[in-house]
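Taking it in order: structure first as structure tokens, then the write-up.
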Amino acid sequence: MRGYTSDKDGYLTRLRRIEGQIRGLQRMVEHDEYCIDVLTQIAAATKALQSVSLGLMDEHLKHCVAEAIATGGDTADAKVREASEAIARLVRS
């Protein structure tokens, strides 16, 4: 079971909403909407994706990483390294 499983429906709802935002962006570009309006909507979609990713990272740390640390050994080191690399990717994006 994944750490986010208990709130899976919430994550799916948020992702569907973001999907709708992206379709809205496509329509805005198709209809030659004002550049700043398109950029504003891109910023909103980006923020929404960042919010989902932070929630998933929090769940990962609370469940997967915490469980691996409790077990110890190489698995714990690997999970911490994996989480650190994921955080680095999020920071760069």
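Counting in my numbering, the sequence shown runs from 109 upward without gaps.
Glycine included, C-beta positions come from ideal geometry on N, C-alpha and C.
Bear in mind the structure is a predicted one, so any value in this text is a computation, not a measurement.
Identify which residue in the options has its Cα closest to the Cα of residue i.
i	options	result
residue 153	169, 128, 141	128
residue 163	131, 194, 200, 150	194
residue 172	141, 159, 161, 186	186
residue 123	161, 150, 148	161
residue 159	198, 179, 113, 175	198
Tell me which residues share the same chain as residue i and place their Cβ nearer than 8 Å to its Cβ, disregarding the 5 neighbours each side in the sequence.
i	result
residue 145	136
Between residue i and the rest of its own chain, which residues show a CB-CB distance below 7 Å, the 5 nearest in sequence each way excluded?
i	result
residue 169	191
So what does DSSP say about residue i, is it helix, strand or coil?
i	result
residue 190	helix
residue 140	coil
residue 110	coil
For residue i, which residues in the same chain have their Cβ closer than 6 Å to its Cβ, ignoring the five residues on either side in sequence?
i	result
residue 156	126
Just checking: is the beta-carbon of residue i within a distance shorter than 8 Å of some beta-carbon in chain C?
i	result
residue 155	In summary, chain C is missing from the structure at hand, where a single protein chain is found.
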